[in-house]
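Chains as they are written, first to last, in this note's numbering: chain A, 24 to 442; chain B, 5 to 110.
Here a beta-carbon is modelled for each residue, glycine too, at the ideal position from N, C-alpha and C.
Predicted, not measured: the structure shown is a model, and the values here were computed from it.
Step one of this worksheet: look at the structure below.
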């Protein structure tokens with residue numbers, strides 16, 4: 024089945040305005056600008072579009088909350104912070120299909136009643152930023168944004184903001200802080216950005232890929248969109264595969280496609296014909312799945328039922344011969360390094376988990392040390408301003424459950440069992 | 005060897021825990037407590053109550069410690085009374101940290 028966003032695969036070069044218009048670009052906007060914002064929200068709700076940033080929250084619901092919240096002005100933010108290790112989808116969309124994303128931004132802003140939108144793009148992604156900036160100039164010159172969109176009453180100013188390159192800077196409330204000129208630290212929730220967001224005003228923060236789906240839905244309708252994917256997760260999702268497979272890259276697949284298809288048909292399987300030891304469907308924060316779960320459909324509910332998560336689609340594979348203790352130590356250290364430091368519980372949890380994992384790796388401490396992981400995680404559950412505190416748990420706890428032998432070998436010898 | 009762990013994470017440091025460590029070391033040396041070793045600790049998870057000092061294996065936790073409290077803490081290490089007024093930390097957090105220390109995480 025064809026994709027929705029990369030319907031003819033990833034283009035060889037950036038799609039400029041002329042090329043985008045030839046493929047029906049901005050037709051959705053031309054129609055929508057004559058309709059009411061409520062109709063846009065209804066169409067997106069009917070399509071069942073869910074956020075692609077990781078949480079899978081229904082986009083129509085988020086927009087309705089923002090539109091209905093009290094406030095004399097509203098904001099739309101495109102979140103292209105994308106600092107998850109191995110994720111490439113947002114920068115690819117911005118680099119190759121910037122007008123598709125920008126049209127989605129304009130439609131979203133119109134739907135929620137925003138007259139200002141920010142494009143928050145990871146500062147490291149120069150090509151994506153330049154491409155978006157060029158497209159924004161073209162769109163403004165053609166009156167798709169700026170004053171009096173397509174000659175009507177609606178006006179929208181769009182501004183690009185470079186995002187700091189750290190993981191927490193992509194958290195939605197940290198995004199608000201950065202745009203307000205502060206350091207990237209998440210805010211306590213509630214209140215949620217949809218009611219008290221940027222500069223205290225109702226704000227919708229949407230991921231790049233989420234917004235890229237908006238124009239196709241508005242152009243072709245929700246029934247068409249629901250032909251892709253599953254009833255729970257309609258449409259497609261872009262998955263990122265990295266160097267552990269023969270053909271790394273991004274792959275847009277309908278929700279519900281078996282994980283096996285992504286790994287074997289798209290990725291060409293593990294390099295050097297190695298066998299899979301574990302699959303992490305949403306690296307680096309999801310639970311590991313054993314290889315026998317390879318036929319699990321790529322869908323939010325199915326992944327949850329299998330014991331893991333879909334996240335933002337970075338699928339990592341661990342090959343046989345790889346020590347899981349070393350893998351989990353890297354993950355623990357990643358979260359320790361990325362903890363912004365403002366919540367005591369998160370600081371203590373991430374530091375302690377890293378320290379415990381290091382002790383296991385070095386073979387220090389007996390079996391009792393393994394019981395401490397669960398205790399530290401349980402003590403800190405539900406604490407902290409953002410979700411980072413909940414992220415090290417699934418990889419650690421699933422690794423302990425699936426591969427007790429790797430941990431036992433490290434504790435006994437201080438070395439990996441496979442080397 | 006008895007160990008005196010002084011938190012050195014951001015909050016505790018900003019409240020003077022580096023100075024506390026060096027001042028405590030001076031007092032321990034002056035008292036001739038050769039069986040006490042002072043070590044930094046990365047975080048006890050009670051930052052809002054910092055600076056925090058934990059004595060192990062005694063399992064005593066002193067919170068919101070100031071330089072002027074160090075003489076009493078040193079006396080406690082030398083066999084004097086427990087400094088009750090600095091013992092304010094929630095018991096569940098204490099239990100978690102003491103269990104971690106029991107597993108050899110120092």
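For residue 13 of chain B, the chain A residues whose Cβ falls inside 7 angstroms of its Cβ are 370, in order along the chain. Between residue 412 of chain A and residue 369 of chain A, the CB-CB gap stays under 7 angstroms.
Contact check between the stretch 287–301 of chain A and the stretch 320–335 of chain A: fewer than three CB pairs, one atom from each, fall below 8 angstroms, which does not count as touching. For residue 338 of chain A, the closest C-alpha among the options A:98, A:204, A:125, A:309 is that of A:309. Its Cα nearest to that of residue 164 of chain A, the residue A:41 stands out among A:189, A:139, A:41. Within the stretch 274–328 of chain A, the runs of beta strand (DSSP E) at least 3 residues long that lie entirely inside it are, in chain order, 299–303. Closer than 7 angstroms to the CB of residue 51 of chain B there is at least one CB belonging to chain A.
Looking at the DSSP output, residue 101 of chain A shares a beta bridge with A:142, A:229. Contact of residue 364 of chain A with chain B by beta-carbon distance below 7 angstroms involves 14.
Taking one beta carbon from each stretch, the stretch 396–403 of chain A and the stretch 273–290 of chain A have fewer than 3 pairs nearer than 8 angstroms; the two do not touch. Proximity of the stretch 75–90 of chain A to the stretch 262–278 of chain A falls short of the contact definition, fewer than three beta-carbon pairs being nearer than 8 angstroms. About 22 angstroms separates the CB atoms of residue 31 of chain B and residue 92 of chain B; that is not less than 8 angstroms, and the two are not in contact. Inclusion of residue 45 of chain B and residue 8 of chain B in the CB contact set at 7 angstroms is not warranted, their separation being larger than that value.
Taken atom to atom, the span from the alpha-carbon of residue 67 of chain A to that of residue 144 of chain A is near 24 angstroms.
Look at the stretch 397–431 of chain A: the residues with a C-beta under 8 angstroms from a C-beta of chain B are 398, 399, 402, 403. A residue is called buried when at least 16 other Cβ atoms come within 10 angstroms of its Cβ; residue 55 of chain B meets this threshold and is buried.
DSSP, read as helix, strand or coil, puts residue 155 of chain A in helix. Inter-segment contact for the stretch 21–29 of chain B and the stretch 414–429 of chain A is absent: fewer than three beta-carbon pairs are separated by less than 8 angstroms.
Residue 64 of chain B: member of the beta strand (DSSP E) spanning 64–66, first to last residue. Among the residues facing chain A, residue 9 of chain B is not included, as its CB has no counterpart in that chain under 7 angstroms away.
The beta-carbon of residue 209 of chain A is placed no less than 7 angstroms from the nearest beta-carbon of chain B. Put simply, of A:342, A:281, A:358, A:312 the residue whose alpha carbon is nearest the alpha carbon of residue 108 of chain A is A:358. Under a criterion of Cβ atoms nearer than 8 angstroms, the residues of chain A adjacent to residue 100 of chain B are, in order, 398, 399, 402. Here residue 58 of chain B has 9, 65 as same chain residues with Cβ atoms under 6 angstroms from its own Cβ, once five neighbours each way along the sequence are excluded. Taking each of A:129, A:77, A:427, A:147 in turn and checking the Cα distance to residue 141 of chain A, the smallest one comes out for A:129. With its beta carbon less than 7 angstroms from one in chain B, residue 392 of chain A belongs to the interface. Residue 283 of chain A and residue 328 of chain A have their C-alpha atoms roughly 17 angstroms apart. Residue state for residue 91 of chain B is assigned as coil, using DSSP reduced to three classes.
Here the stretch 231–241 of chain A makes contact with the stretch 116–127 of chain A; the two share three or more CB pairs at distances below 8 angstroms. When DSSP reads this structure, residue 41 of chain B sits in a beta bridge with B:7. Between residue 51 of chain B and the set B:87, B:38, B:18, the nearest pair of CA atoms involves B:18. Close to residue 20 of chain B, with beta-carbon spacing below 7 angstroms, lies no residue of chain A; the smallest spacing is near 17 angstroms. Using a Cβ-Cβ cut-off of 7 angstroms, residue 92 of chain B does not count as an interface residue toward chain A, since no Cβ of chain A sits closer than that to its own.
Taking a contact as a CB-CB distance under 8 angstroms, the pair residue 64 of chain A and residue 134 of chain A counts as one, their CB atoms being some 5 angstroms apart. For the pair residue 154 of chain A and residue 179 of chain A, the CB atoms are not nearer than the 7 angstroms cut-off. In this structure the stretch 247–256 of chain A does not lie against the stretch 92–100 of chain A, because fewer than three pairs of beta carbons, one per stretch, are closer than 8 angstroms.
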